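Comments concern the structure below.
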Amino acid sequence: MLLGLIMLTAAWGVTQNGWVICYVWSLFFYGIGVGGEYPMTATSGMENAVGSGKISTKEDRLHRGRKVTSAFLMQGWGQFFNQALLILLLLVFHHGSGNPPYSTLSAQWTYRVSFAIPAVGTLWLVYYRYYKMRAASKQLAIAKAKSRVTGYDTESLRLTFKHFGFRLLATAGTWFANDVFFYGNKLFQSEFISVISPHTTSVMPGWLYNLLNVGVSLCGYYLASFLIDNKLYGRKWMQIIGFLMDFVFFIIPAFHFEYYTTPEHIKEFQAMYFLSSFFNQFGPNSVTFLVAAEVFPTPIRATAHGFAAAIGKLGALTAAVMYNYISTTQKFHVVPWFGLAGVILTYLFLPDTTGLDLKEQERRWFYIRQGRESEYHGAAVHPKHLSVYERWTGVGKYYDPEADYKQKVAEMREEWAAAQARKADEKGGFGDDDHHDYEPVHHDVHKYFERTSPMILGREKNVPMNEQLPPAHDNSSDDVVEQHPHQD
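Right, dumping it as structure tokens:
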């Protein structure tokens, strides 16, 4: 990311085509960095529960979506500050005016400084990654060793397509449809600006309306973060309704384009523009980022999320290319159907993981890797956490809470035994020389519990006096802390 931003800041070309080539290569390197960081934002936010770092806590299940979308809404703030920064830079370098004509010098400074400022923040990210997260590579090596994998885990990839292929279709397909909408939203802006200011050549009207649009989008981001963990609404319904509302707000002007683009009705056109932006954030744009990681187990989570994000950017590229070859009216006829496709994909193939403990995804994946999928009976195959397609194909037939309870008890016993074995290995066994390191009760603890104050008569409780602490180990080594004198 830092290299890409430096290249973008310094992009140059003798001709316009040369500059475009340099700009594209800069975006390519920047995209590699973003492509690695983007999926990890959702994955790390999802897997780090409050306080403990485990993914199975109650707080994690109830507020996991809010946690991830709270990180994602920084995208909205980034868009807001980027647009505000461009406006301020143009005013600074263009003599306090945003009106044309623009000099080459003011345009150059506005462009380059707008990329140089984010590079400073990215430089801190490089420092943090290098000096504060060195253990990441070691953790990856340990995970590969446990799975008996030396390079890329191709077996996990095969099992992903076999058992989670339609989930991948749902996450990648809906992200593709969403990005067509996300960039199609700009269609509204260019049209109503051409009606409100038909002869302007200034960039300021478009920038100011875009700043207002991002502000409306932020309201959608925050409302999505507030309701995404609600069990009555949740991820799936939020995405379906968001896609459906975007479809409605695009299909209405598509068949009454001349009517809504007249000066008398342009305000209604603007309202649909802002509402489509609001429901895009309070819907698929927030949900796709979350569920693309949430519906997959940890070993394949980041890869699946990155794949869905890449397909989403393909949707953005499709929109950018397609819009150059069709008229404005045709654009409004084409874009709405991506919203309808998003509704269908979400309804049929996307499971609702609201309230699901992600540890259940790990347990199910363990059985899948062992070739014993039918032996898993936990919440991950509960019908309410499966898609319509998965319920049709009988994935939920293995759900059995009683059998799952017995399995969990057996698994906890195995985990405890393995933990004790690891402790023994780390200490070199439980020989006589090391046994005192594992003694739970020190011999001095008996004196600690002796009464030193007078008993208050009438308030003592009938406590059995035959209770005895376990015998203390006679630790006569030199490292025992000297006992303070006891005061009666």
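Note that full-length UniProt numbering has the sequence shown beginning at 1, numbered continuously upward.
Backbone N, C-alpha and C fix where the C-beta goes; we use that ideal spot for every residue, glycine too.
Remember, predicted model here, so these are calculated numbers, not experimental data.
Proximity to residue 101 across 84, 378, 255 and 204 peaks at 204, based on C-alpha coordinates. For residue 161, the enclosing alpha helix (DSSP H) has its first and last residue at 154-184. For residue 195, the secondary structure class from DSSP, reduced to helix, strand or coil, is helix. Taking every protein chain shown into account, the CB of residue 1 has 16 or more other CB atoms within 10 angstroms, so this residue is buried. Contact between residue 307 and residue 172 holds: CB atoms are separated by about 6 Å, below the 8 Å threshold. Contact between the region 257-267 and the region 217-226 is absent: fewer than three C-beta pairs spanning the two stretches fall below 8 Å. Per DSSP, the continuous alpha helix (DSSP H) segment holding residue 318 begins and ends at 298-322.
A contact is defined here as three or more CB-CB pairs under 8 Å, and the region 334-346 meets this definition with respect to the region 166-182. When the five nearest sequence neighbours on each side are left out, the beta carbons in the same chain lying within less than 6 Å of the beta carbon of residue 364 are those of 376 and 380, in order along the chain. Membership of residue 342 in the alpha helix (DSSP H) is indicated by the continuous run 336-349.
Taken atom to atom, the span from the alpha-carbon of residue 360 to that of residue 423 is near 26 Å. Per DSSP, residue 228 lies in no alpha helix (DSSP H) segment and is marked neither H nor E.
Here residue 356 carries a coil assignment [DSSP, helix/strand/coil]. Taken through DSSP and simplified to helix, strand or coil, residue 393 comes out as coil.
Look at residue 99 here: in three-state DSSP terms it is coil, with no helix or strand label.
With at least 16 other beta carbons inside 10 angstroms of its own, residue 30 counts as buried.
Nearest C-alpha to residue 296 among 37, 352 and 344: 352. Residue burial is scored here from C-beta neighbours: residue 21 has fewer than 16 other C-beta atoms within 10 angstroms and is therefore classed as exposed. Judged by their CB atoms, residue 279 and residue 242 are nearer to each other than the 8 Å cut-off. For the pair of segments examined, the region 382-393 was found not to touch the region 317-326: the number of CB pairs separated by less than 8 Å stays below three. Looking from the CA of residue 15, the closest CA among 8, 402 and 23 belongs to 23. Ranked by how close their Cα comes to the Cα of residue 190, the residues 323, 406, 403 and 419 have 323 in first place. Annotation: the continuous alpha helix (DSSP H) that includes residue 125 extends over 104-132. Between the region 76-87 and the region 104-118 there are three or more C-beta pairs closer than 8 Å, enough to call the two in contact. Taking a 10 Å sphere around the C-beta of residue 217, we find 16 or more other C-beta atoms and assign the residue as buried. Under a 10 Å Cβ-count criterion, residue 235 is classified as buried, with 16 or more other Cβ atoms of the shown protein chains found around its own Cβ. The shortest CA-to-CA distance from residue 111 to any of 94, 9, 63 and 13 is the one to 9. For residue 234, the enclosing alpha helix (DSSP H) has its first and last residue at 234-255. The continuous stretches of alpha helix (DSSP H) do not include residue 11, and DSSP gives it neither H nor E. Taking the C-beta atoms as reference points, residue 287 is found nearer than 8 Å to residue 238. Listed in chain order, the non-local C-beta contacts of residue 122 below 7 Å within the same chain comprise 1, 2 and 5, local neighbours out to five positions each way being set aside.
Assignment of residue 16 by DSSP, reduced to helix, strand and coil, places it in the helix class. Residues 166, 348 and 349 of the same chain have their beta carbon placed closer than 7 Å to that of residue 389, with the five preceding and five following residues left out of the count. Taking C-beta separations shorter than 7 Å and ignoring five residues to either side along the sequence, the partners of residue 252 in its chain run 272, following chain order.
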